[in-house]
Amino acid sequence: MVRFVLVHGGGGGAWYWFKLVDMLLSSGHEVEALNLAASGIDTRTPADVFSLDDYNQPLLEYLAALPENDKVILVSHSLGGRSAAYATELHPDKIALAVYLAAPLCSNHLGPEIKDTSVYDLFYERGKNNLPTAVMEKKSLAPDNTHQLCSSEDRTLSRMLDRAIPTAALFGSFTNTEEKYGSVPVVYIKTLQDLACPPEMQDKWIATHPFGNLKEVLTIDSDHCAALSAPSRLHDLLIQVVEAHAS
Numbered sequence: 001m002v003r004f005v006l007v008h009g010g011g012g013g014a015w016y017w018f019k020l021v022d023m024l025l026s027s028g029h030e031v032e033a034l035n036l037a038a039s040g041i042d043t044r045t046p047a048d049v050f051s052l053d054d055y056n057q058p059l060l061e062y063l064a065a066l067p068e069n070d071k072v073i074l075v076s077h078s079l080g081g082r083s084a085a086y087a088t089e090l091h092p093d094k095i096a097l098a099v100y101l102a103a104p105l106c107s108n109h110l111g112p113e114i115k116d117t118s119v120y121d122l123f124y125e126r127g128k129n130n131l132p133t134a135v136m137e138k139k140s141l142a143p144d145n146t147h148q149l150c151s152s153e154d155r156t157l158s159r160m161l162d163r164a165i166p167t168a169a170l171f172g173s174f175t176n177t178e179e180k181y182g183s184v185p186v187v188y189i190k191t192l193q194d195l196a197c198p199p200e201m202q203d204k205w206i207a208t209h210p211f212g213n214l215k216e217v218l219t220i221d222s223d224h225c226a227a228l229s230a231p232s233r234l235h236d237l238l239i240q241v242v243e244a245h246a247s
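Residue numbers (the UniProt record's numbering): 1 to 247.
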């Protein structure tokens with residue numbers, strides 16, 4: 001039996017993984033899908049999130065509370081890759097394998113720049129004289145470049161449940177090291193029909209990964225939200241990489 005910990009992307013929540021959670025549980029594994037701060041059903045707002053420690057508190061506390069010698073398979077999606085890399089640097093002894101799904105791999109990788117206000121709404125919960133507390137892609141945008149292969153029901157669910165992303169999650173700085181982050185094996189899953197993080201961007205992250213812990217790169221024929229549009233294939237890939245790299 002393997003214990004998976006699932007980390008959602010920016011604006012998402014534990015709900016994003018609901019199909020995969022069901023499949024992994026049915027396969028006999030333990031699963032924990034977390035809500036990061038001001039995400040999903042977490043009751044905080046972006047104004048409560050000042051740092052990466054604040055944003056990642058649920059993940060960091062979960063890892064810190066694991067019994068001695070217990071390790072997990074840490075699976076992250078999209079912006080959740082920054083959370084996974086941050087947590088791996090702090091708790092490398094708690095992670096048997098880190099799987100990055102359409103996600104930045106480490107501290108020197110960033111996602112798309114948040115500059116175009118025709119694409120993003122900015123929120124100023126601490127007042128206009130301060131930096132924005134959160135950003136969110138405009139829900140009126142068409143076409144939907146994130147869920148284009150998802151069912152209409154899943155697209156609607158995402159529109160209803162997505163929240164603004166705390167800016168601390170986007171711009172908080174940290175450094176990964178070979179000694180800690182580099183000691184944990186990493187597998188990357190590239191989403192081939194991704195319009196939000198195009199394959200070319202993911203290829204750049206893979207090519208510029210500065211550590212020697214990247215063990216394998218796999219692909220999935222999905223849009224950005226593979227856990228919604230291709231959950232069965234994602235489940236099979238996760239079982240495959242665990243058997244290959246964490247058994």
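Note that CB positions come from ideal geometry on N, CA and C, so glycine has one too.
Contact between the stretch 123-137 and the stretch 96-107 (3+ Cβ pairs under 8 angstroms) = No: fewer than three Cβ pairs fall under 8 angstroms.
Continuous beta strand (DSSP E) stretch holding Phe211: start and end | Looking at the DSSP string, Phe211 is not in any beta strand (DSSP E), and its letter there is neither H nor E.
Is DSSP giving Tyr100 helix, strand or coil here?
-> strand
Classify Ala85 as helix, strand or coil using the three-state DSSP reduction.
-> helix
Could you say if the stretch 186-199 and the stretch 160-175 meet the contact criterion of at least three C-beta pairs nearer than 8 angstroms?
-> No, because fewer than three Cβ pairs between the stretch 186-199 and the stretch 160-175 fall closer than 8 angstroms, the two stretches do not touch.
Name the two residues that bound the continuous alpha helix (DSSP H) containing Ser152.
-> Ser152 to Leu161
Would the beta-carbon of Phe174 fall within 8 angstroms of that of Leu52?
-> yes
For the alpha helix (DSSP H) that Val242 lies in, which residues bound it at each end?
-> DSSP places Val242 inside the alpha helix (DSSP H), whose first and last residues are Pro231 to His245.
Inter-residue spacing [alpha-carbon to alpha-carbon] between Ser229 and Gly10 | Cα to Cα, the separation comes out at about 18 angstroms.
Just reading off the beta strand (DSSP E) that Leu190 is part of, what are its end residues?
-> Sequence inspection shows Lys at residue 190; the Leu mentioned does not correspond to that position. Taken as a continuous stretch (DSSP letters only), the beta strand (DSSP E) holding Lys190 covers Val186 to Thr191.
Measure from the alpha carbon of Ile95 to the alpha carbon of each residue in Gln193, Leu6 and Gly40, then state which is nearest.
-> Leu6
Tell me, which residues are paired with Pro199 by DSSP?
-> Paired residues: none, contrary to the question.
From this set, Thr88, Gly80 and Ala84, which residue's C-alpha is nearest His224's C-alpha?
-> Gly80
Could you check which residue in Ser39, Val242 and Ser232 has the C-alpha nearest to that of Lys19?
-> Among Ser39, Val242 and Ser232, the Cα nearest to that of Lys19 belongs to Ser232.
Beta carbon of Leu90, beta carbon of Leu60: below 8 angstroms?
-> yes
CB-CB under 7 angstroms to Tyr86, same chain, minus the five flanking residues each way: which ones, in chain order?
-> Leu52, Asn56 and Phe174
For Val49, which of helix, strand or coil comes out of DSSP?
-> Val49: coil per DSSP, three-state reduction.
Give every residue of the same chain whose Cβ lies closer than 7 angstroms to the Cβ of Leu122, excluding the five residues on either side of it in the sequence, and list them in chain order.
-> Pro132 and Val135
With 16 other CB atoms within 10 Å as the buried threshold, where does Gln202 fall?
-> buried
Looking at the unbroken alpha helix (DSSP H) that takes in Leu59, where does it start and where does it end?
-> Gln57 to Ala64
So what's Phe123 in DSSP terms, helix, strand or just coil?
-> strand
Classify Asp237 as buried or exposed, calling it buried when 16 or more other Cβ atoms lie within 10 Å of its own Cβ.
-> Contrary to the premise, residue 237 reads as Leu rather than Asp in this sequence. By the 10 Å Cβ count, Leu237 comes out buried.
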